[in-house]
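When you line the sequence shown up against this note's numbering, it's residues 36 to 138, in that order.
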Amino acid sequence: MSGLAAVKAAVANPPYGAPMETKVASAKAVSKALAGVPDKEIEGVVKGLDTEEQAVLMKYVYRGLEASDGQQSSTLLLRWHGVLTEKAGMGLISRVLSEPDTL
């Protein structure tokens, strides 16, 4: 599975309103998909996502940063955050932080 396909599959059907264990499992799946994308392909993956998929991914990035288990995962998430912000703009951050649905 390509990096884009893996990320698209991971962010599809976000578990809004689901029990916490479902949200945790979903976040782990997204983290695994992100970790499988080489740095040089991150920009292409983000470009391949639609606006809603970018927003869901940014929510997972913020969730991951909240629960980060170390420098390596934080570095990875900050790379994705930077590319998402560059491609989707600052409005994405405002939208994600103001939406009541959380992951």
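Where is the CB? At the ideal position from N, CA and C, for every residue including glycine. What you are looking at is a predicted structure, and each value in this text was computed from that prediction instead of being measured.
Could you compute how far the alpha carbon of residue i sits from the alpha carbon of residue j?
| i | j | result |
| --- | --- | --- |
| L70 | M125 | Checking the sequence shown, residue 70 turns out to be Ala, not Leu. Those two C-alpha atoms are separated by around 24 Å. |
| A60 | A45 | 11 Å |
| D136 | S109 | 23 Å |
| L100 | S133 | 17 Å |
| M55 | K67 | 18 Å |
| S129 | L39 | 24 Å |
| Q89 | A62 | 15 Å |
| T86 | A102 | 25 Å |
| V42 | A53 | 20 Å |
| L127 | V118 | 12 Å |
Measure how close the beta-carbons of residue i and residue j come, nearest whole angstrom, since I'm counting them as under 8 Å.
| i | j | result |
| --- | --- | --- |
| V96 | L84 | Their Cβ separation, rounded to whole angstroms, is 12 Å, which puts V96 and L84 out of contact at 8 Å. |
Span of the alpha helix (DSSP H) holding residue i?
| i | result |
| --- | --- |
| L132 | 125–133 |
| S61 | 55–70 |
| G79 | 77–82 |
| T86 | 86–101 |
**Cβ contact (3+ pairs, closer than 8 Å) linking the stretch 67–87 and the stretch 117–137** = Flag = yes, the stretch 67–87 and the stretch 117–137 touch.
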